[in-house]
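Q: In this note's numbering, the protein residues as written are 43 to 492.
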Ligand SMILES: [Mn+2]
């Protein structure tokens, strides 16, 4: 171990060892892959990481960022992170990425106009939750983003795992480098409430000390810019939680005068499925998605879950969002001429409690098969959660999906195991006390905190 005190005046020195041969070299192509054993601390990166003088990121800069995060996670205590990535470099990266993200529409579209063609592949990724080493493996296994390789990440980059900051920043770096190849959607954990309960806020303050508040605030600002959903090749809808409600049109004043009879509709029955037009108009700039009022679509997109029971109903387990049945999947696919929905949001712990849906052992489940297509849940954090109250682990694989031309509508699943062993680190939240899944949102505290 190198420098240990957070106030150390001299930056830690990387170990003088051979360079990391090929952790970041050409990708393997297996469809069910086992990561190689890590080669701890063999990278000898130049630190601190500085922002390129001309402000232009390159593939080699982003590769160096990933290698350095990997090395530092094994070789340095978390409090030395400012020696790895100074606040000045953090600021540049987050500001540059935020400017790009805030301009994107709520639902980003990957199609011919964005460069999708007969040579393209689209990789879709589910929850990664701060599991840096698994994200690095996934990127290598799937092949890094490039002219012919698009990526859509379905959110939940931070919380629970110990390297949420590194994961989020390396994904922002790819976004800045290739804004039209890499798409980062918002997850329910990219919010003030979740990051204050599930570890990210504490992770940031542990890593950045006095600058922690500033860094955390900038991350929250960046979360506000993340788009909510994507449509790939006009055929595939992806979002973290999934489907969402539409506005129930209230009768105009004139209509009220004409028809004075008051119709009492129970709230549950008044839920109708929302449209892509409504999604496009929703306001997504908030620290926490509202669960009451008139802007409910983002909360649904980020928090909802599929169900095997028909219809739309409030997601009482979560306290926010909806449950939707196979009939809603069919209605949505048919109405918008889609073939596939890829959503994430439910890991092995969540699925352990939902006996009518499949377990998350291989990183994905096919939840609904209807006339117009399918609904898939995709989870990309293997051996999740990193910290667990019980000795018994889920030992789940993670998975990513590849969509191929010409239709881009048939998911090719790639399952993978966790990189082991993970570097030892203290958790950033009380994982024995905090509820196992994301259910039962403490709405009162969300109000106070937002
Ligand atoms: Mn989630």
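Quick reminder that beta carbons are idealized off the backbone N, C-alpha and C, glycines included.
This one's a predicted model, so the numbers in the text were calculated from it and none came from an experiment.
1. Tell me the DSSP secondary structure of residue 341 in three-state form.
2. Considering only heavy atoms of ligand 1, does any lie closer than 7 Å to the CB of residue 387?
3. For residue 134, tell me which candidate among 151, 469, 98 and 125 has the shortest Cα-Cα distance.
4. Excluding the 5 residues preceding and the 5 following residue 87 in the sequence, name in chain order all residues of the same chain whose CB lies nearer than 7 Å to its CB.
5. Among the residues of its own chain, which have a CB less than 6 Å from the CB of residue 375, if the five just before and after it don't count?
6. Just list the residues that DSSP pairs residue 280 with in beta bridges.
7. Does ligand 1 have even one heavy atom less than 7 Å from the beta-carbon of residue 230?
8. Can residue 148 and residue 326 be called in contact, C-beta distance under 8 Å?
9. Determine the burial state of residue 462: buried for a count of at least 16 other Cβ atoms within 10 Å of its Cβ, exposed for fewer.
10. Within 10 angstroms of the Cβ of residue 472, are there 16 or more other Cβ atoms? Answer buried if so, exposed if not.
11. Going by the C-beta, is residue 169 closer than 7 Å to any heavy atom of ligand 1?
12. For residue 474, count the other beta carbons within 10 Å of its own beta carbon; 16 or more makes it buried, fewer makes it exposed. Which is it?
13. When the Cα of residue 330 is compared with those of 101, 440 and 229, which residue comes out closest?
14. Within the same chain, show all residues whose beta-carbon is closer than 8 Å to that of residue 316, passing over the 5 residues directly before and after it, in chain order.
15. Do you know whose CA, among 398, 178, 402 and 432, lies nearest residue 421's CA?
16. Ends of the alpha helix (DSSP H) at residue 259?
17. Indicate whether the contact test is met: 3 or more Cβ pairs, each with one atom in the segment 210-226 and one in the segment 136-146, closer than 8 Å.
18. Could you say which of 353, 321, 392 and 427 lies nearest to residue 360 if we only look at CA atoms?
19. Assign residue 397 to buried or exposed, taking buried as 16 or more other Cβ atoms, counted over all protein chains shown, within 10 Å of its Cβ.
20. Please classify residue 419: does DSSP put it in a helix, a strand, or coil?
21. Since I believe residue 232 is in contact with residue 204 (beta carbons under 8 Å), could you give me their beta-carbon distance rounded to a whole number of angstroms?
22. Is the beta carbon of residue 356 sitting closer than 8 Å to the one on residue 344?
23. Between which residues of its own chain and residue 450 is the CB-CB distance below 7 Å, once the five residues before and five after are set aside?
24. How far does the alpha helix (DSSP H) with residue 117 in it reach, from first residue to last?
25. Under the assumption that residue 429 contacts residue 441 (Cβ atoms under 8 Å), give the Cβ distance between them as a whole number of angstroms.
26. Which partner residues of residue 93 appear in the DSSP bridge assignment?
27. To the nearest angstrom, how far is the alpha carbon of residue 115 from that of residue 336?
28. Note the first and the last residue of the continuous beta strand (DSSP E) segment covering residue 400.
29. So the alpha helix (DSSP H) residue 456 belongs to, where does it begin and stop?
30. Check each candidate in 409, 268 and 166 and name the one with the smallest Cα separation from residue 144.
31. Would you say the beta carbon of residue 493 is closer than 7 Å to some non-hydrogen atom of ligand 1?
32. How big is the Cα-Cα spacing for residue 424 and residue 156?
33. Compute the Euclidean distance between the alpha carbons of residue 154 and residue 223, then round it to the nearest angstrom.
A: According to the data block:
1. Within the chain shown, the letter at position 299 stands for residue 341. Helix, per DSSP.
2. For the purposes of this step, residue 387 is taken as the residue at position 345 of the chain shown. Yes, the beta carbon of residue 387 sits closer than 7 Å to at least one heavy atom of ligand 1.
3. For the purposes of this step, residue 134 is identified with residue 92 of the chain shown, where counting begins at 1. Out of 151, 469, 98 and 125, 98 has the C-alpha closest to the C-alpha of residue 134.
4. Within the chain shown, residue 87 is the residue found at index 45, counting from 1. Cβ within range, chain order: 56, 106, 109, 110 and 113.
5. By one-based count along the chain shown, residue 375 stands at place 333. Taken in chain order, the residues that qualify are 414 and 415.
6. As a position in the chain shown, residue 280 is number 238, starting the count at 1. Assignment of beta-bridge partners to residue 280 by DSSP yields 272 and 384.
7. Along the chain shown, read from residue 1 onward, the residue named residue 230 stands at position 188. Yes, ligand 1 has a heavy atom inside 7 Å of this Cβ.
8. Walking along the chain shown from the start, residue 148 turns up at place 106. Walking along the chain shown from the start, residue 326 turns up at place 284. A contact, by the Cβ cut-off of 8 Å.
9. On the chain shown, position 420 is the one that residue 462 refers to. In the assembly as shown, residue 462 is an exposed residue. Its beta-carbon has fewer than 16 other beta-carbons within 10 Å.
10. Your numbering for residue 472 matches position 430 in the chain shown. Exposed: under 16 other Cβ atoms inside 10 Å.
11. Along the chain shown, one-based indexing puts residue 169 at 127. At least one heavy atom of ligand 1 lies closer than 7 Å to the C-beta of residue 169.
12. Translated into the one-based positions of the chain shown, residue 474 becomes position 432. Burial state of residue 474 is exposed, judged by a 10 Å Cβ sphere holding fewer than 16 other Cβ atoms.
13. For the purposes of this step, residue 330 is identified with residue 288 of the chain shown, where counting begins at 1. Taking only the C-alpha atoms, the option nearest residue 330 is 229.
14. By one-based count along the chain shown, residue 316 stands at place 274. Only 285, 286, 287, 288, 289, 339 and 342 meet the Cβ criterion.
15. Within the chain shown, numbered from 1, the residue matching residue 421 stands at position 379. Residue nearest to residue 421 within the set 398, 178, 402 and 432 is 402 (criterion: CA-CA distance).
16. The residue given as residue 259 occupies position 217 in the chain shown. 254-267 is the extent of the alpha helix (DSSP H) around residue 259.
17. Here the segment 210-226 lies against the segment 136-146, with 3 or more beta-carbon pairs under 8 Å apart.
18. Sequence index remark: in the chain shown, residue 360 carries index 318 (1-based). Cα-wise, what sits closest to residue 360 is 392.
19. In the chain shown, the residue the question calls residue 397 occupies position 355. By the neighbour-count criterion, in which 16 or more other beta carbons inside 10 Å mark a residue as buried, residue 397 falls on the exposed side.
20. Translated into positions along the chain shown, residue 419 becomes position 377. In the structure shown, the three-state DSSP call for residue 419 is strand.
21. Indexing the chain shown from 1 puts residue 204 at position 162. Indexing the chain shown from 1 puts residue 232 at position 190. Rounded, the Cβ-Cβ distance is 17 Å, inconsistent with contact.
22. The count along the chain shown starts at 1 and reaches residue 356 at position 314. The count along the chain shown starts at 1 and reaches residue 344 at position 302. No, the Cβ-Cβ distance between residue 356 and residue 344 is not below 8 Å.
23. Counted from its first residue, the chain shown places residue 450 at position 408. So the qualifying residues of the chain are 164, 274, 275, 277 and 278.
24. Within the chain shown, the letter at position 75 stands for residue 117. That run of the alpha helix (DSSP H) goes 101-117.
25. Here residue 429 refers to the residue found at position 387 when the chain shown is read from its first residue. Here residue 441 refers to the residue found at position 399 when the chain shown is read from its first residue. Actually they do not touch by this definition, with Cβ atoms about 22 Å apart.
26. Here residue 93 refers to the residue found at position 51 when the chain shown is read from its first residue. Residue 93 is not bridged by DSSP to any residue.
27. Taking the first residue of the chain shown as position 1, residue 115 is located at position 73. Taking the first residue of the chain shown as position 1, residue 336 is located at position 294. Rounded to whole angstroms, the separation of the alpha carbons of residue 336 and residue 115 is 43 Å.
28. In the chain shown, counting from the first residue as 1, residue 400 sits at position 358. Membership of residue 400 in any beta strand (DSSP E) is not indicated, and neither H nor E is assigned to it by DSSP.
29. In the chain shown, residue 456 corresponds to position 414, counting from 1. Annotation for residue 456: no alpha helix (DSSP H) segment contains it, though the beta strand (DSSP E) segment containing it runs 454-458.
30. Numbered from its first residue, the chain shown carries residue 144 at position 102. Of 409, 268 and 166, the residue nearest in Cα terms is 268.
31. Residue 493 lies beyond the residue range present for the chain, which begins at 43 and ends at 492; the question has no answer from this structure.
32. By 1-based counting over the chain shown, the position of residue 424 is 382. By 1-based counting over the chain shown, the position of residue 156 is 114. Between residue 424 and residue 156, the C-alpha separation is close to 31 Å.
33. For the purposes of this step, residue 154 is identified with residue 112 of the chain shown, where counting begins at 1. For the purposes of this step, residue 223 is identified with residue 181 of the chain shown, where counting begins at 1. When rounded, the distance between both Cα atoms is 12 Å.
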